[in-house]
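Its first residue numbered 1, the sequence shown is counted upward by one per residue in full-length UniProt numbering. Don't be surprised by glycine CBs; every beta carbon is placed ideally from N, CA and C.
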Amino acid sequence: MVWNPFSQKPPQQVEQKSHQPLNLAPAQADNASSNDISHTLDQLSGPVKVKNISPQSAEENDKSVTSFVEQRPANLFIIDGEKYSDESIICTNNEKGGKTCLKLGYNSIQLFKHMQKLEYFCSLPNDVDATYFECRKIK
1 MVWNPFSQKP PQQVEQKSHQ PLNLAPAQAD NASSNDISHT LDQLSGPVKV KNISPQSAEE
61 NDKSVTSFVE QRPANLFIID GEKYSDESII CTNNEKGGKT CLKLGYNSIQ LFKHMQKLEY
121 FCSLPNDVDA TYFECRKIK
């Protein structure tokens, strides 16, 4: 799209040339990760059962994820979380036609890396509105 200087209004764009924040975005820093996870849970179809895992060490979280994944290794897994928050989620289909999820106390990047160690390939889904990653077992 090109801006025509003869049109009525220029495009609305704010350019920051300072190291001081302008505070133009709504303040959501405290609930950013829960909002992102809630948004992902809303995108999933069927009943969703979420088990909260209390914040633990990275090794304990890795063990929880490994145990969760080993229960259904052939399933598609959905992972999500805010980039700089120590909260993430992993979900998969259960036997009842719904979703079973673990809400973890560690970063989504760590979860992504751990899924790769378990030999899963994670990528964005075909749905352009989706905000999560889908992980499939590498065969």
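Smallest Cα separation from residue i: which of the options?
i: Lys83; options: Cys122, Leu111, Ile53 and Thr92; result: Leu111
i: Asn36; options: Glu95, Lys63 and Ile79; result: Reading the sequence as shown, one finds Asp at residue 36 and not Asn. Of Glu95, Lys63 and Ile79, the residue nearest in Cα terms is Ile79.
i: Pro55; options: Gln116, Tyr106, Asn94 and Arg72; result: Tyr106
i: Leu41; options: Ile90, Leu76, Ser85 and Pro73; result: Ile90
i: His114; options: Ser38, Ser45, Phe77 and Val50; result: Phe77
i: Val48; options: Gln116, Thr92, Pro125 and Cys135; result: Thr92
Three-state secondary structure (DSSP) at residue i?
i: Thr40; result: helix
i: Asn93; result: strand
i: Ile78; result: strand
i: residue 143; result: No statement about residue 143 is possible, as the shown extent of the chain runs from 1 to 139 and does not include it.
i: Thr100; result: strand
i: Lys113; result: helix
i: Glu70; result: helix
i: Asn52; result: strand
i: Ser45; result: coil
i: Phe133; result: strand
i: Leu124; result: coil
i: Lys139; result: coil
When DSSP builds the beta bridges, which residues end up paired with residue i?
i: Asn107; result: None; Asn107 has no bridge partner.
i: Ser88; result: Gly81 and Leu104
Quick check: residue i and residue j, are their CB atoms within less than 8 Å of each other?
i: Ser108; j: Ser88; result: yes
i: Tyr120; j: Lys139; result: no
i: Gln118; j: Asn61; result: What sits at residue 118 in the sequence shown is Leu, not Gln. In this structure, Asn61 does not lie closer than 8 Å to Leu118 by Cβ.
i: Ser64; j: Ile53; result: yes
For chain C, is any of its Cβ atoms less than 8 Å away from the one on residue i?
i: Glu119; result: Given the protein chain composition of this structure (a single chain), no chain C is represented.
Exercise. Inspect the CB distances between the region 124-131 and the region 92-109 and report whether three or more fall short of 8 Å.
Key: Taking a cut-off of 8 Å for Cβ pairs, the region 124-131 and the region 92-109 do not touch, as fewer than three such pairs fall below it.
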